[in-house]
Amino acid sequence: LFLEAYGYNVYTAENGTEGIEIFRTEKPAIVLTDVKMPGIDGLAVLQQIKEIAPQTAVIVITGHGDTALAEQAIELDAVDFISKPIKKEALDAALEKAREKLG
-10 LFLEAYGYNV YTAENGTEGI EIFRTEKPAI VLTDVKMPGI DGLAVLQQIK
40 EIAPQTAVIV ITGHGDTALA EQAIELDAVD FISKPIKKEA LDAALEKARE
90 KLG
């Protein structure tokens, strides 16, 4: 709801495979992906998106607060890593980093 209120077009997927299919079709500049999902996880989604379109800003979300996952996501070129429950301030900061990356 926040993203739509900010004027973003929002596409949702039930799993990582569907997310990649939507990405290939819609080609959004910014992607938010959860780490834990059915099928392929968010880090695999991040890797595939970067292979398809390296300039895409990917924000990784987790409910697990795992520092190792955060480090891995950043190493894979995620623009930011935020924890659930998502706080508006954290989302705003991540979106600002994404916009800066995109220029």
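Counting from -10, one number per residue, gives the positions in the sequence shown under our numbering. Even glycine gets a Cβ: it sits at the ideal position worked out from N, Cα and C. On a predicted model such as this, the values are computed, not experimentally measured, just so you know.
- Contact check for Pro27 against Gly52 fails: the beta carbons are separated by 9 Å or more.
- According to the DSSP assignment, Thr22 belongs to the beta strand (DSSP E) that extends over Ile19 to Asp23.
- Here Val(-1) is exposed, its C-beta having fewer than 16 other C-beta atoms within 10 Å.
- Scanning Ala67, Ala33 and Lys16 for the CA closest to the CA of Ala87 turns up Ala67.
- Ranked by how close their Cα comes to the Cα of Ala62, the residues Leu(-8), Thr22, Ala(-6) and Ala82 have Thr22 in first place.
- Here the C-alpha atom of Gly92 lies approximately 25 Å from the C-alpha atom of Leu(-10).
- Beyond the five residues adjoining it in sequence on each side, Lys25 comes within less than 8 Å, by CB distance, of Gly31, Thr51, Gly52 and His53 in the same chain, given in chain order.
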